[in-house]
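Remarks on the structure that follows.
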Amino acid sequence: MKNRLFIFIALFFCFSMAAAETGSLFGKNYQGDFEKPGFGVGLNYLGIGLKAGVSSKIVLEAKYQLDRDITVMGLRGYYYFNTDSRVQWFMGFEGDTISFKGEDSKGTGLLGELLIGTEILITKYTSVQLDLGPAMISLNDSATSLSVSGMEYIANIGVNLYY
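Next comes the structure, spelled out in structure tokens:
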């Protein structure tokens, strides 16, 4: 787990710095307006999100993720430090509800995460987003009345399509 997190962090910063320094991504040079349109759809591993720009620096996202036995729904808030560059750094928060059902367990839970990340604009309407941060997760099993809480580090990568 620690090796994967280290590799992700290293790639995260290398990818961001390379894009910022060269001004190009995947061999294409994007020049123009760096301000994203006000509405977008985010696609990530096992999930989808709907993004809405409140201002040029604040974005809210409603997200939904579904795996075989787990459903996660919630809200994310982003604060962008710079919006005048192809590489846009942000910090944010996430609050989710969790429901799960396994062979021997069934229940609900909550997740709260602080995150930091970057969004790299490929075009005005397309971007790649990477973020990571610590999350506090609390789960309650209704079948056995057991509860567990703990902290985990979560890393996300996704593609955003803006309209």
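Okay, so the sequence shown: first residue is 145 according to my numbering, each after it adds one.
Quick reminder that beta carbons are idealized off the backbone N, C-alpha and C, glycines included.
These numbers were taken from a predicted model, which means no experiment stands behind them.
Helix, strand or coil for residue i? Go by DSSP, reduced to three states.
i, result
"Y307", "coil"
"S199", "coil"
"L190", "coil"
"G182", "coil"
"V292", "strand"
"N300", "strand"
If we ignore side chains and look at the alpha-carbon of each, how far apart do residue i and residue j end up?
i, j, result
"L190", "L276", "17 Å"
"T270", "S289", "45 Å"
"A164", "L258", "Per-residue confidence for A164 stands at a pLDDT of 49, beneath the threshold of 50, marking its modelled position as unreliable; the derived number appears in the next sentence. Taking the straight line from one Cα to the other gives about 24 Å."
"Y224", "I266", "17 Å"
"C285", "I264", "The question names Cys, but residue 285 is Asp in the sequence shown. Near 39 Å, if we compare the C-alpha coordinates of I264 and D285."
"D228", "K245", "45 Å"
"P278", "Y307", "31 Å"
"D213", "F237", "25 Å"
"N188", "V303", "7 Å"
"E247", "D211", "15 Å"
"F183", "S293", "35 Å"
"K250", "M235", "33 Å"
Spatial neighbours of residue i within its chain, please: C-beta separation below 6 Å, excluding the five flanking residues on both sides.
i, result
"M280", "G256, M295"
"L274", "F156, G261, T262, I301"
"V203", "K195, G197, Y222"
"E205", "G193, K195, R220"
"G239", "G218, L219, G256"
Taking 8 Å as the cut-off, is the C-beta of residue i nearer than that to any heavy atom in the ligand MN?
i, result
"D228", "As presented, the structure is devoid of all ligands, the ligand MN included, so that no description of it is given."
Counting only the same chain and skipping the five closest in sequence on each side, list residues whose C-beta sits under 7 Å from that of residue i.
i, result
"C209", "The sequence shown places Gln at residue 209, not Cys. Closer than 7 Å at the Cβ level, and outside the excluded window around Q209, lie L190, G191, V216."
"I298", "E257, L276, G277, A279"
"N226", "Q232, W233"
Below 8 Å CB to CB, which residues in the same chain sit around residue i once its five sequence neighbours on both sides are set aside?
i, result
"S291", "S282, L283, N284, D285"
"T252", "T241, I242, S243, F244, L283, N284, S286"
"S199", "none"
query = What are the uninterrupted segments assigned as beta strand (DSSP E) that are 3 or more residues long and contained completely in the region 214 to 289, given in chain order?
reply = Entirely contained in the region 214 to 289, the beta strand (DSSP E) runs reaching 3 residues are, in chain order, 214 to 224, 231 to 245, 250 to 267, 270 to 285.
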